[in-house]
Amino acid sequence: MNGGPYPLNVASTSTPATPVRRHSQQILVTPSMVRKRRKPRGSGAFHLPGPPPLLVLPGRQHFAQQQITANTNPQHNKKFNQWQRWSNKVIPSLIGPYLKYQRESSSLRHRPGLQSGDVQCRASCHRRTLEVTCVFFDYLEVLNIDCCPCTPAPLQLLRLGLFACAPIAPSLAVDLCVLELVRTLFVRVTPNTTAWCEALEVFLTGRGYKLSTKDNLRRRFSNAYHWYSVLVTNAGDHIYGLISQHLPSRSSADEVLPIQPSDYLRSRCPVCFGMQDWQNDHSSRLKLDCHVCIDACFTQKRSASPRGANGLDPPNPTRSVFISDEEVARMEAHVLACRGSLPGRGTKRKKPEGDEDGYEDGMRIPVSTLDACRESFLAADEKREKASTRFFADTGVMALLCRHDCVLWLVNMTSAGEKQYYALALIKKLFKHLPPSMTVGILYDIACQLERSCLKYQLLEDAILSRITFSISVFHAYGHQWPCQLVYHPRKCEGFGLSDGEGCERLWSALKLLIPPLRVSGYHQRLFVLNAQVRHLDEKNLDTFGEWLSRRWTRCQTKKSDAEDVLRQLSVDEANMRLEWRAQVEHQTKPLSKRSKTNNDEQISKILALERTLSNLDESLRALETHLCAGNVPNILDFDIRLSDERAHRSKVADTLRRWKAALGIGQFADLQQLRRSIFLQVRLDAQAVKTRIRERLRQRKFEIERFERSYRQMVNEHKLHAHAEASIQRRNPTIRKLVTTYNSLCGKLVDLIRRGEAPAGAIPPHSISPTGIFQLDVDDDIWQDAGLDGYTLAPPGWLADENTRAAIKFQLEVDRCNEEGARIMRERCALQEWMMAEWDALQEARTHADENEDLCFHFDLRARFLSGLVVHWQSQVRPIPCAWPLPDSWGPIENDLADAANTYYQPSRLDGTAIMDDSENDWESDNERENDELIDQLEEAALAETYRDHELD
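So the sequence shown is numbered by the working numbering: it starts at 96 and just counts up by one.
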């Protein structure tokens, strides 16, 4: 062990056969702290004290302990009492001694000697002797400690470098170095105290150290580890709270409307909210001041076990990024009140026949497009059950992240579907922390449906809704209709730059290691572990901000340069091209025409296309039923769901076809029969039907790939389902390619008919689909374009018929987004430096006020070295990025601080160019195994994240 043997430890023998017991110096705890409370006579319920006090950390918020309903089980009552004492008395009293021990041990590098004044009782207290088993890395030791109210057992053990397992009379204590190692490990791997304790117990048993009772180490070690984690978290908050007292005020004089983003947001993401004045560089101010993304994850569930569902685990006195259940309940009630009485589940709201398609108030795309998006995108259906509330008490987590993947808030979900009030609660929470004129871009998988609901039911105040620009996330755009993508896709929507809106997906990937242990945890324990993991991710993000800005800046400039080169080659007038783009958006987002007798040709075309669709659905149903009768079904549950969906879709299409035919009348029916003999119309409608099938197949494949990615490496009993999904995806690839070949063949026939003059005047040939990259569903792919299939016959516009114009529109939009991204990165680079300057000045001010407190000065110095290391790393990364407004050369730390940080931060091999010698040549077997494992992991991660990462580069 580092720092020598334990100061009160007897000399250990070379081969210890039994634990060494040593009567150490007598230390202190009060009898009142260890005597058992008794229930009132005749009372079946436990007698609880009044409301617990608040845990107040200097410079931080107040964290109230929630009242927990008493339970008649004595074991639960004991746990509750211990939890209350830990939270309200022990942990607050240990913060100072813990900071002192950190200083004396030089951050646990060595073990300081025990001072005689530390164990003296200041009054004539009743003493009690406790026998405590102490757990170290490689041995056990038993100590006898005298305790009294002046110096309770947890305090005495902490001064010895140990942490107690109980707040009053602990029987086991763990070395702080062991706990710190476990705490560091459990945010990088799946936390498993059972496995850790079993391995440690076997390891110590092999060295002659044995605990007296079975499973005793796991329970007591878990308690010590949990409360040590609480202590470390609160101690860190205490130090930062003292520093933050000297930060510039970010509130107005009346403290009603903030003039800057709140201190909370500033602490969550320095790059988004760290600038001194968010209105700097107002002359070139971007349309959107910040970007956030929202998404839900239904794999972070918690089973409805009696222990978890009944709320028997008490809350923890730590900061949380979770929105309170009360805020979510208020938003749910608000949404229900705004919506009023709506049709219940299973009730179909029918649109009156003959109604003309149009726009809802405030929306930029027609109702028909919105309805199609809702039907095609799974997340848009709130009634779709994604996690059963019968088996799970908590069904998932919804997150609000900034564009740098920093968690702003989380909300715990308890409903079966992805309800809109969760997202609305997150949005409202965000705007409470923003200045009244700050604008926000929100990226959400179903942003079109969320904006529609907000406008239709007035779910958000106008003061908030007017400052929001909604957009859909890049990698989920394939689930939306093309008119929706024209308006909501972030690559086509002004102000979003190159933000992709998929930070939540990366968060779920980082949290996937917590899925198994949190499935059976208590309610508050689950939130505590998720908060701890978020804090770990915050630390990782803080170190990589400079690298993130540098990488995005380089990609932005490269994409912009390439796009500008193509535009120069095309030689298309920019003003005319922008007019063509606006005309394209206006035309392709127009409502569908009303079905009337004055527009028979268009209605006949729709009926013929619908008949083709119905025929294709009949063929698909017959094929499915044949497979079912033959017993060729790998998964009957999945197959039954698919068959039911196909039948429901077929029934809906047939009903629509009957209504449309009835609206035509008998005279039009005769014309319809005659038009069936038109070869050009027949081929064009066939091509349109095939293209519709290709789109639907590609969407279905994309959804299944996403499901397979999210469920990868999860529970063993789901492996068969995952394998079936993957096999189903691969089986459909040849079918999709065959459809593409069929469509291209029909396009060739149309070209021939136009060349022979057998097509209407002015008809243009449709664009064929390239088999290369067909499965990516990029926003600018030809799969979305219906040129030549939508009825244009006379003077087609440039955005439809001219290839150069179409290409110029695509690359000009890319240049526009790159310009926005470049301007935003320049602002974020300034925000990062201003955040560091403010942090450094506040730290120096706090250091000046704490000159007489050695403990605080030590931790302030540690903070100074940490900030200096960040400056060294950040400066080298963001140097090529110009500033959006003038800033000094200094980031805060002086040259000596930066030189010391550089010597610590960089390895010797990076400074002098010499290589570090190792014995890798002699360790060929273990190296090969390690390299193979790493290669396999990299290949798996690359295969799963290929779609996301490739699109991020776009």
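Every residue, glycine too, gets a C-beta built ideally from N, C-alpha and C. Only a predicted model underlies this, so the values are computations on that prediction, with no experimental measurement involved.
Span of the alpha helix (DSSP H) around residue 368: 365-368 is the span of the alpha helix (DSSP H), which, as asked, contains residue 368.
Rounded Cβ spacing between residue 707 and residue 781 (contact assumed at less than 8 Å): Right, their Cβ atoms sit about 7 Å apart.
Neighbour-count burial assignment, residue 448, 16 or more Cβ in a 10 Å radius: At residue 448 the pLDDT is 45, less than 50, meaning the model places this residue with poor confidence; the figure from the coordinates comes in the next sentence. So residue 448 ends up on the exposed side.
Sequence-distant residues of the same chain with beta carbon closer than 7 Å to residue 627, five excluded per side: Beyond the five residues adjoining it in sequence on each side, residue 627 comes within less than 7 Å, by CB distance, of 282, 324 in the same chain, given in chain order.
Boundaries (first-last residue) of the alpha helix (DSSP H) holding residue 966: Looking at the DSSP string, the run of the alpha helix (DSSP H) that includes residue 966 is 949-973.
Closest Cα partner of residue 977 within the set 923, 989, 625, 991: Residue 923 is the option with its Cα nearest to residue 977.
Residue environment, residue 914, which counts as buried when at least 16 other CB atoms sit within 10 Å: It is exposed - the Cβ of residue 914 has fewer than 16 other Cβ atoms within 10 Å.
Residue 845 versus residue 752 - alpha carbon distance: Spanning the two alpha carbons is a distance of roughly 26 Å.
Inter-residue spacing [alpha-carbon to alpha-carbon] between residue 503 and residue 360: Going from the Cα of residue 503 to the Cα of residue 360 covers about 7 Å.
DSSP bridge partner residues for residue 496 (one or two, in chain order): 388, 502.
Span of the beta strand (DSSP E), counted from its first residue to its last, around residue 539: That run of the beta strand (DSSP E) goes 535-539.
Nearest-angstrom Cα separation, counted from residue 567 out to residue 393: The straight-line gap from Cα to Cα measures roughly 19 Å.
Beta-carbon proximity check, residue 248 vs residue 264, cutoff 8 Å: Residue 264 is positioned such that its CB atom lies closer than 8 Å to that of residue 248.
Residues near residue 269 in its chain [Cβ-Cβ closer than 8 Å; skip 5 each side]: So the qualifying residues of the chain are 229, 230, 257, 258, 260, 316, 319, 320, 323.
Contact under 8 Å by Cβ, residue 1079 with residue 495: Since the displayed the chain opens at 96 and closes at 1049, residue 1079 lies outside it and no answer follows.
For residue 226: DSSP bridge partner residues: Paired residues: 239.
8 Å Cβ cutoff met for residue 930 and residue 286: Contact: no.
Beta-carbon proximity list for residue 460, same chain, < 6 Å, skipping 5 on both sides: Sequence-distant partners of residue 460 (beyond 5 residues in either direction) whose C-beta falls short of 6 Å from its own C-beta, in its chain, are 578, 579, 582, 684.
Proximity below 8 Å, CB of residue 648 to CB of residue 904: Taking 8 Å as the Cβ cut-off, residue 648 and residue 904 do not qualify as a contacting pair.
Where residue 548 falls: helix, strand or coil (DSSP): In the three-state reduction of the DSSP assignment, residue 548 falls in the helix class, which pools H, G and I.
Distance CB(residue 1050)-CB(residue 535) smaller than 8 Å: Residue coverage of the chain in this structure runs from 96 to 1049, which leaves residue 1050 outside it and unanswerable.
Cut-off 7 Å between Cβ atoms - residues of its own chain near residue 491, not counting five sequence neighbours on either side: Taken in chain order, the residues that qualify are 391, 392, 393, 395, 396, 482, 508.
Residue 932 beta carbon less than 8 Å from that of residue 987: A contact, by the Cβ cut-off of 8 Å.
Where residue 294 falls, given that 16 or more other Cβ within 10 Å makes a residue buried: Burial call: exposed.
Endpoints, the alpha helix (DSSP H) within which residue 312 is located: Counted as a single uninterrupted DSSP element, the alpha helix (DSSP H) harbouring residue 312 occupies residues 311-339.
Closest by C-alpha distance to residue 278, when choosing among 630, 715, 660: Looking only at 630, 715, 660, the smallest Cα-Cα distance to residue 278 is reached by 630.
Beta-carbon spacing of residue 192, residue 254 below 8 Å: Taking a C-beta distance under 8 Å as the contact criterion, residue 192 and residue 254 qualify as a contact pair.
Sheet register partners of residue 420 (DSSP bridge): Its beta-bridge partners do not exist; DSSP assigns none.
CA nearest to the CA of residue 272, picked from 204, 266, 243: Of all alpha-carbon atoms in 204, 266, 243, the one lying nearest the alpha-carbon of residue 272 is that of 204.
Outcome for residue 973 when other beta-carbon atoms lying within 10 angstroms are tallied against a minimum of 16: Residue environment: residue 973 is assigned as buried (16 or more neighbouring CB atoms within 10 Å of its CB, all protein chains considered).
Assigned secondary structure, residue 849 (DSSP; H/G/I helix, E/B strand, else coil): In this structure, residue 849 counts as helix in the three-state DSSP scheme.
Per-residue DSSP class, three states only, for residue 564: Residue 564 carries a strand assignment under DSSP once its states are collapsed to helix, strand and coil.
Distance, residue 180 Cα to residue 371 Cα: The straight-line gap from Cα to Cα measures roughly 41 Å.
Member of 234, 522, 220, 956 whose CA lies at the smallest distance from the CA of residue 558: Per the Cα distances, 522.
Per-residue burial, residue 729 [other beta carbons within 10 Å of its own, 16 or more giving buried]: By the neighbour-count definition (other C-beta atoms within 10 Å, threshold 16), residue 729 is an exposed residue.
Simplified DSSP state of residue 397, which is helix, strand or coil: In the structure shown, residue 397 adopts extended strand secondary structure according to DSSP, grouped into three states.
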